[in-house]
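In what follows, a structure is listed as structure tokens, so that the remarks can point back to it.
Residue numbers (this note's numbering): 1 to 70.
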């Protein structure tokens with residue numbers, strides 16, 4: 001990797017396998033959106049526009065109501 005360039009998703013997948021690491025976490029650390037999330041955003045952009053405008057308190061309430069350990 002060169003300075004200023006982020007790794008490809010394919011490289012991150014390979015690293016996750018070699019390091020026995022969580023691929024989704026590595027993708028997020030590289031500021032990349034995992035494919036299942038990206039696909040869902042494309043399918044329902046209206047929902048993600050609303051979520052993007054929620055403040056932290058509202059997001060916490062949403063997480064508490066619908067679960068998840070993101």
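Backbone N, C-alpha and C define an ideal beta-carbon position, used for all residues, glycine too.
Reduced DSSP secondary structure (H/G/I, E/B, other) of residue i
i, result
"residue 39", "helix"
"residue 10", "helix"
"residue 32", "coil"
"residue 16", "helix"
Cβ neighbours of residue i in the same chain (closer than 8 Å, five flanking residues each side left out)
i, result
"residue 31", "6"
Rounded separation between residue i and residue j - CA only
i, j, result
"residue 17", "residue 38", "21 Å"
"residue 47", "residue 20", "33 Å"
"residue 49", "residue 4", "29 Å"
"residue 25", "residue 10", "14 Å"
"residue 64", "residue 53", "18 Å"
"residue 8", "residue 22", "16 Å"
"residue 59", "residue 15", "31 Å"
Given residue i as reference, the closest of the options once Cα atoms are compared
i, options, result
"residue 28", "40, 63 and 12", "12"
Proximity test, residue i beta-carbon vs the ligand ZN heavy atom, cut-off 8 Å
i, result
"residue 9", "Looking at this structure, you won't find the ligand ZN or any other ligand, since it has none at all."
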